[in-house]
């Protein structure tokens with residue numbers, strides 16, 4: 289049974305990705321940052337898939353924690369076949385108002401986590417000449433977002449890293465891609481009023497917000513042999529918001 293590692297897997301898009309793969313009979317290890325007991329985290333998922341889930345507390349912005357988390361994942365579930373890097377945080381504000389701490393938090397969480405995870409997972413994939421990596425980016429990494437310059441920059445870094453890594457790892461039969469969501473109905477939208485959400489939906493050609501399951505389906509496509517000749521791509525899943 290294939291082993292999938294998902295970072296940021298306890299809620300929102302990450303939890304949907306975890307559930308989607310587990311329901312397709314993958315063993316899924318997922319990292320989460322909150323200090324909630326793993327048994328309590330498992331209760332968020334359908335009882336029928338819990339035996340295929342391994343939650344591990346890991347702050348993916350800290351290299352040492354990623355090293356230990358990956359060690360535990362491999363020790364308990366075997367070699368990692370698919371890596372899904374999903375950690376993300378956004379802080380809104382004027383570029384001149386951001387603090388150094390906010391700068392470090394956004395860049396270390398959004399891009400640093402992908403960098404640390406690939407450093408730990410790639411050597412074994414190269415050794416086996418087998419593996420697939422999918423990063424969760426954002427359409428703001430392509431077009432930029434006012435008052436979210438740090439978030440946009442961190443996602444742009446992800447896109448560039450994915451393309452570079454695809455060239456680097458292609459000869460080892462490892463594919464690297466990203467899913468670039470549009471406006472998705474998660475707790476990141478809690479700062480918006482219902483009226484604002486309706487406006488965002490109307491700005492989208494498909495006239496709705498994205499759902500976490502939309503992203504999970506795209507991740508599964510890129511991660512598996514359904515896309516065996518696809519690498520270095522940034523797949524927009526945004527309902528046509530960005531064309």
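Numbering (the numbering used here), first residue to last: 289 to 531.
Even for Gly, the Cβ is constructed at its ideal location relative to N, Cα and C.
Three-state secondary structure assigned by DSSP to residue i
i           : result
residue 469 : strand
residue 526 : coil
residue 394 : helix
residue 314 : coil
residue 450 : helix
residue 501 : helix
residue 480 : coil
residue 488 : helix
Pair within 8 Å by beta-carbon distance, residue i and residue j
i           : j           : result
residue 528 : residue 454 : no
residue 530 : residue 431 : yes
residue 345 : residue 307 : no
residue 524 : residue 427 : yes
residue 343 : residue 362 : no
residue 416 : residue 385 : no
residue 301 : residue 424 : yes
residue 376 : residue 406 : no
Selection from the options that minimises the alpha carbon distance to residue i
i           : options               : result
residue 348 : 515, 373, 364 and 470 : 373
residue 291 : 300, 301, 303 and 309 : 309
residue 526 : 377, 501 and 413      : 501
residue 357 : 420, 401 and 472      : 401
residue 477 : 497, 464 and 458      : 497
Span separating the alpha-carbon of residue i from that of residue j
i           : j           : result
residue 444 : residue 326 : 32 Å
residue 334 : residue 340 : 11 Å
residue 277 : residue 499 : Since the first and last residues shown for the chain are 289 and 531, residue 277 lies out of range.
residue 484 : residue 439 : 20 Å
residue 390 : residue 480 : 21 Å
**Message:** Which runs of the alpha helix (DSSP H) at least 4 residues long sit entirely within the segment 390–443? Give them in chain order.
**Reply:** The qualifying runs are 401–416 and 428–431.
**Request:** Return the chain-ordered ranges of every beta strand (DSSP E) run that is complete within the segment 289–353 and spans a minimum of 3 residues.
**Result:** Whole beta strand (DSSP E) segments, 3+ residues: 291–295, 315–320 and 341–345.
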